[in-house]
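J.:
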C-alpha cells in the first residue's frame, strides 16, 4: 500500500510541477524515481528519532540517529555577479551524524546545477550547468546543543562550518562560474512548542565567502558576507503537516532576498516527503520556486 500510495503522490507532484513554466521535469523525475526506490525499502524501518523539520529551518535538537536529507530546488529570477534572471534547478544531499552526547556533524554536498540566465554585460542569454552549486558549497559543520526543551523549555544549538566549491559551472560563452571559492558559517538555531500541536523554529546564521568567482550578487568584490536567517511554524500532530517559513539572505544593504514559503510535509515511519513553494517578497528575491525535500532517519 505504501508503494502504491507513494507512486500516485509522485505522479501527482510531477503533473503539478510540469505546469510551472521553466521547470526541467527530466531532472526532477529522474531524482524522484531514484528516491522512490529508497523510500520503498525504508518505509518498513521504524526509527525512534521523530524530529520533523520544514525545508529551510533545521531543528535545534541533536538527532539520535543517522539522517539523510535530499533536496531538489527550482528557482526563477535569481541574481548573481555577472548573470541575472537565472532560472535553474539545483540538487543537494545532506548527511548528519550524531557525535558525543550533545553534538553532531553535518556534511552538505551540492552535486548538480542546470539553468539559464541573462548576462549583465551585454544582455545576452547564457546557459549555466555543472556538478556543483551556487551559494551552496560542499561543507562540513559541527553543531552543539546547549539547551534541551525537556529541561530548559526550548532547544538551542550553535553551529560552525567550512565549505568550498567542488565543481565549476559552465556557461555557453566560454566563461565559468565558481571555478574557485570558499566560505565559512556560524549561527544559532532554537525551537520550542507553542502547544501540543504547534512548533516554532528559528535559525540565525552568517556566511562569509572569499576567493569566489562571479558569485557576489552585489557585484565586484570576491569577498562578501550574507546574513542567512529563517523562521518557521509547523503543525506536527498528524501525518500530513502544514508549515510556513520566512527566509532571508542578504546584507541589509544592496542585496536583500526575502521569501515566504508555504509547505506540506508528509511523514511515515522514518521518512518525510516535503513540498514548498517559495515566493519572493523583495526586489532581490527569486520570483518564485518549487522545492522538494526527502528525509530518511536510519
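In our numbering, the protein residues as written are 47 to 344.
Using N, Cα and C, we set each Cβ at its ideal position, and we do this for glycine too.
1. Starting from the C-beta of residue 328, find all residues in its chain whose C-beta is less than 6 Å away, skip the five residues before and the five after it, and write them out in chain order.
2. Taking the straight line between their C-alpha atoms, what separation do you get for residue 298 and residue 288?
3. Can you give the Cα-Cα distance for residue 206 and residue 235, rounded to whole angstroms?
4. How would you call residue 137, buried or exposed, if buried means at least 16 neighbouring beta carbons within 10 angstroms?
5. Could you say which of 102, 116 and 98 lies nearest to residue 110 if we only look at CA atoms?
6. Quick one: grab the DSSP three-state call for residue 302.
7. Given this structure, state the Cα-to-Cα distance separating residue 316 from residue 169, to the nearest angstrom.
8. If you count every other CB in all the chains shown that lies within 10 Å of the CB of residue 240, and 16 or more means buried, which is it?
9. Looking only at its own chain, which residues have a Cβ that is under 7 Å from the Cβ of residue 172, when we skip the five neighbours before and after it?
10. Nearest CA to the CA of residue 152: which residue from 160, 159, 158 and 139?
11. By DSSP, does residue 79 sit in helix, in strand, or in coil?
12. What do you get for residue 196, buried or exposed, if any count of 16 or more other CB atoms within 10 angstroms of its CB means buried?
13. Going by the beta-carbon positions, is the gap between residue 321 and residue 337 smaller than 9 Å?
14. Do you know offhand how far residue 175's Cα is from residue 209's?
15. What are the start and end residues of the beta strand (DSSP E) that includes residue 115?
16. Alpha carbon to alpha carbon, how far is residue 226 from residue 343? Give it in angstroms, no decimals.
17. Since I believe residue 215 is in contact with residue 178 (beta carbons under 8 Å), could you give me their beta-carbon distance rounded to a whole number of angstroms?
T.: Walking through what the data contain:
1. 302 and 304
2. 30 Å
3. 11 Å
4. buried
5. The option with the nearest alpha carbon to residue 110 is 98.
6. strand
7. Each residue's CA atom was taken as its position, placing residue 316 and residue 169 some 48 Å apart.
8. exposed
9. 129, 162, 163, 165, 217, 218 and 219
10. 139
11. Unreliable placement is indicated for residue 79, whose pLDDT of 49 sits below 50; the coordinate value is still reported in the next sentence. In the structure shown, the three-state DSSP call for residue 79 is helix.
12. exposed
13. yes
14. 20 Å
15. 113–124
16. 33 Å
17. 6 Å
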